[in-house]
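S.K.: In the numbering used here, the protein residues as written are 1332 to 1525.
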């Protein structure tokens, strides 16, 4: 028996209340474990290179034909697809997609939080910069909407920057921003964001 045989399998459960940790649960014992998101982010790019579990080789041929690799799942989630969209498009069971999607969904939430704390870069505007989260919350409140009800999302673009959206809970168009992680700035990307 190898050390890996003795390891417990943990599954993603939820994000912590403060949104800074991924809570994992042991399905057999019900025990919960927490991992700070900032500790996961360096591993996420490397996780793209993980090979499928050896157990997949024993699955029926039909299942193998529709199974995406962990790397493919994580790449698609990182580009903005939901686990449900991936499962439907690939024919995979949702519970086979979710374990590989969970860390990347946590990464996307983490990037939203980072973008919300980042200063908006605007042309021809002098003075102290305003953080994205504060500016969007203020704009939503001014229009009679509840800022806490806005749905935020983020996904990584091909160029390595992130698209961040804030979508009010009504028929209004989402505001789209471009978040440059390395440069630590956000710029409006559409009319709704200006």
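Glycine is no exception: its CB is placed at the ideal position from the N, C-alpha and C atoms. Quantities reported herein were computed from a predicted structural model and do not represent experimental measurements.
#1: Please classify residue 1360 as buried or exposed, where buried requires at least 16 other C-beta atoms within 10 Å of its C-beta.
#2: Rounding to the nearest angstrom, what Cα-Cα distance links residue 1385 and residue 1400 in this structure?
#3: Cα separation between residue 1388 and residue 1349?
#4: On the three-state DSSP scale, how would you describe residue 1502?
#5: Determine the contact status of residue 1451 and residue 1366, defining contact as a CB-CB distance below 8 Å.
#6: Could you have a look at residue 1474 and say whether DSSP puts it in helix, strand or coil?
#7: Using CA coordinates, which residue listed in 1492, 1464 and 1491 is at the minimum distance from residue 1481?
#8: Would you identify the three-state DSSP class for residue 1395, choosing helix, strand or coil?
#9: Which term fits residue 1489, buried or exposed, when burial requires 16 or more other beta carbons within 10 angstroms of its beta carbon?
#10: Using the three-state DSSP reduction, which class does residue 1388 fall into: helix, strand or coil?
#11: Provide the residue span of the beta strand (DSSP E) that contains residue 1518, from first to last.
#12: At 4 residues or longer, and completely inside the segment 1395-1447: list those alpha helix (DSSP H) runs for me, N to C.
#13: Do residue 1446 and residue 1493 have their C-beta atoms within less than 8 Å of each other?
#14: DSSP on residue 1350, reduced to helix/strand/coil?
#15: From residue 1444 to residue 1500, what distance separates their C-alpha atoms?
#16: Going by other Cβ atoms of all chains shown within 10 Å of its Cβ, with 16 needed for buried, is residue 1338 buried or exposed?
M.R.: By the coordinates alone:
#1: Residue 1360 is exposed by the Cβ-count criterion.
#2: Below a pLDDT of 50, predicted positions are generally treated as unreliable, and residue 1385, at 44, falls in that range; the measurement from the model is reported next regardless. Taking the straight line joining both Cα atoms gives about 12 Å.
#3: For residue 1388, the predicted structure reports a pLDDT of 45, less than 50, and the residue's modelled location is therefore unreliable. A value from the coordinates is still provided. Residue 1388 and residue 1349 have their C-alpha atoms roughly 39 Å apart.
#4: Coil, per DSSP.
#5: Cβ atoms of residue 1451 and residue 1366: not closer than 8 Å.
#6: DSSP, read as helix, strand or coil, puts residue 1474 in coil.
#7: Here the closest residue by C-alpha is 1464.
#8: For residue 1395, the pLDDT reaches just 42, beneath the cut-off of 50, and the residue's location in the model is therefore unreliable, although a value from the coordinates is still provided. Residue 1395: helix per DSSP, three-state reduction.
#9: Exposed, since its Cβ has fewer than 16 Cβ neighbours within 10 Å.
#10: Note that residue 1388 scores 45 on pLDDT, short of 50, meaning its location in the model is unreliable; the coordinates nonetheless yield the value given after this. Three-state result, residue 1388: helix.
#11: Where residue 1518 is concerned, the enclosing beta strand (DSSP E) stretches over 1516-1519.
#12: You should have 1401-1409, 1414-1421 and 1425-1447.
#13: Taking the C-beta atoms as reference points, residue 1493 is found nearer than 8 Å to residue 1446.
#14: Coil at residue 1350, not helix or strand.
#15: Those two C-alpha atoms are separated by around 19 Å.
#16: It is exposed - the Cβ of residue 1338 has fewer than 16 other Cβ atoms within 10 Å.
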